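A.B. asks: Each residue of the sequence shown is one higher than the last, beginning at 27 in our numbering. Quick one: structure below, then a few questions.
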Amino acid sequence: MDGAALYDINEKRYLKKYTLTVEETHELLALVENHGLMCFTNVILEDMIVIYYQNTEEKVHDALVSKLRRSPLRNYICRRPPQDAEAVYLMLLYPKPGMEAFYGELKRRGYCERFKVLCYDSTDYPGYAYIKIYNREATREHMLTELEARLGINQTVTFGSVSGKYDEVIQGDMNRVVRILRRKYEPVIWSRDNRSAKK
């Protein structure tokens with residue numbers, strides 16, 4: 027979630043999260059609705075991610091829910107979020123011109139300074155764009171610091187698509203992360219055949 031949550035896969039629980047407050051969540055939801063839009067509201071409830079949404083005329087919303095709800099880590103509920111919801115993030119997906127206009131409105135109102143707001147083109151749905159709104163503190167760097175403190179480590183290797191920001195730059199092929207990790211850190215196990223061949 028782009029630094030908004032730290033999840034322990036083995037224990038199946040969230041160790042750390044940066045959320046929007048209840049007031050911020052509903053302030054943003056009201057703004058979204060006032061512009062005739064719908065957003066996916068991601069909320070962590072007792073170590074489960076619950077994604078609230080409403081039905082719309084946008085076929086791409088149906089396609090997204092159908093595709094992503096298969097994951098055991100995502101739980102989609104077609105209803106408004108409860109009044110006490112603290113969103114981990116809000117996500118909008120609409121045609122690009124509409125998202126650019128709404129992003130401009132967020133900037134004018136000062137929301138891009140108050141929150142972490144991302145606006146980018148969708149690769150899965152050509153012609154569409156995403157807007158995602160997070161707590162301002164939700165960054166990968168903050169979560170890396172948290173992880174280092176929890177594990178007592180002082181050396182890390184980071185992967186990302188921005189040159190100069192990450193140790194290993196990955197463009198397009200995300201499977202390359204696995205290959206790099208294996209090459210650098212997988213222990214070499216020599217069998218008797220290998221040793222005899224080496225002799």
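All residues carry an ideal CB built from backbone N, CA and C; glycine is no exception. Nothing here was measured: the structure is a model prediction, and the numbers come from that model.
From Thr67 to Glu49, what does the alpha carbon distance come to, in whole angstroms?
C.D. replies: For the purposes of this step, residue 67 is identified with residue 41 of the sequence shown, where counting begins at 1. For the purposes of this step, residue 49 is identified with residue 23 of the sequence shown, where counting begins at 1. Distance between the alpha carbons of Thr67 and Glu49 is about 14 Å.
A.B. asks: Within a Cβ cutoff of 7 Å, which residues of the same chain sit near Leu132, ignoring the five residues on either side of it in sequence?
C.D. replies: Reading the sequence shown from its first residue, position 106 is the one you call residue 132. If we look at Leu132 and ignore the five residues flanking it on each side, its Cβ neighbours are Cys138, Val143.
A.B. asks: When the Cα of Tyr33 is compared with those of Met169, Arg202, Met125, which residue comes out closest?
C.D. replies: As a position in the sequence shown, residue 33 is number 7, starting the count at 1. It is Met169 whose Cα lies nearest to the Cα of Tyr33.
A.B. asks: Could you pull the DSSP bridge partners for Arg39 from this structure?
C.D. replies: In the sequence shown, residue 39 corresponds to position 13, counting from 1. Looking at the DSSP assignment, Arg39 forms a beta bridge with Asp34.
A.B. asks: Check the DSSP bridge columns for Lys158 and list the partner residues they point to.
C.D. replies: To locate residue 158, count along the sequence shown from 1; it is residue 132. Lys158 is bridged to Met117, Leu144.
A.B. asks: Helix, strand or coil for Gly186 per DSSP?
C.D. replies: Here residue 186 refers to the residue found at position 160 of the sequence shown. Gly186 falls in the strand class under three-state DSSP.
A.B. asks: So, for Asp110: in the same chain, excluding its five sequence neighbours on each side, which residues have a beta-carbon less than 8 Å away from its beta-carbon?
C.D. replies: As a position in the sequence shown, residue 110 is number 84, starting the count at 1. Contacts found: Val48.
A.B. asks: With a Cβ-Cβ cutoff of 8 Å, do Tyr115 and Glu84 count as a contact?
C.D. replies: The count along the sequence shown starts at 1 and reaches residue 115 at position 89. The count along the sequence shown starts at 1 and reaches residue 84 at position 58. Contact flag unset, no.
A.B. asks: I'd like the span of the alpha helix (DSSP H) that includes Tyr129, first residue to last.
C.D. replies: Within the sequence shown, numbered from 1, the residue matching residue 129 stands at position 103. It spans 122-134 - the alpha helix (DSSP H) in which Tyr129 sits, taken as one unbroken run.
A.B. asks: What number of angstroms, rounded off, separates the C-alpha of Val177 from the C-alpha of Thr171?
C.D. replies: As a position in the sequence shown, residue 177 is number 151, starting the count at 1. As a position in the sequence shown, residue 171 is number 145, starting the count at 1. Looking at the sequence shown, residue 177 is not Val but Leu. Approximately 10 Å between the Cα atoms of the pair.
A.B. asks: I'd like to know if the stretch 97-111 and the stretch 63-82 are in contact, where contact means that at least 3 CB-CB pairs between them fall below 8 Å.
C.D. replies: Yes, the stretch 97-111 is in contact with the stretch 63-82.
A.B. asks: Measuring straight from C-alpha to C-alpha, what distance separates Lys38 and Ile157?
C.D. replies: In the sequence shown, counting from the first residue as 1, residue 38 sits at position 12. In the sequence shown, counting from the first residue as 1, residue 157 sits at position 131. Using only the alpha carbons, I get a separation of about 28 Å.
A.B. asks: Rounded to the nearest angstrom, what separates Gly124 and Arg100 at their Cα positions?
C.D. replies: Taking the first residue of the sequence shown as position 1, residue 124 is located at position 98. Taking the first residue of the sequence shown as position 1, residue 100 is located at position 74. Those two C-alpha atoms are separated by around 27 Å.
A.B. asks: Quick check: what's the CA-CA separation for Ala92 versus Thr182?
C.D. replies: What you label residue 92 is simply residue 66 of the sequence shown in a count that begins at 1. What you label residue 182 is simply residue 156 of the sequence shown in a count that begins at 1. Reading off the sequence, residue 92 comes out as Ser, not Ala. Cα-Cα distance, rounded: 36 Å.
A.B. asks: Is His87 buried or exposed, if buried means 16 or more other CB atoms sit within 10 Å of its CB?
C.D. replies: Working through the sequence shown from its first residue, we reach residue 87 at position 61. His87 should be labelled buried.
A.B. asks: Using the C-alpha atoms, what's the distance from Glu194 back to Glu53?
C.D. replies: The count along the sequence shown starts at 1 and reaches residue 53 at position 27. The count along the sequence shown starts at 1 and reaches residue 194 at position 168. C-alpha separation (whole angstroms): 39 Å.
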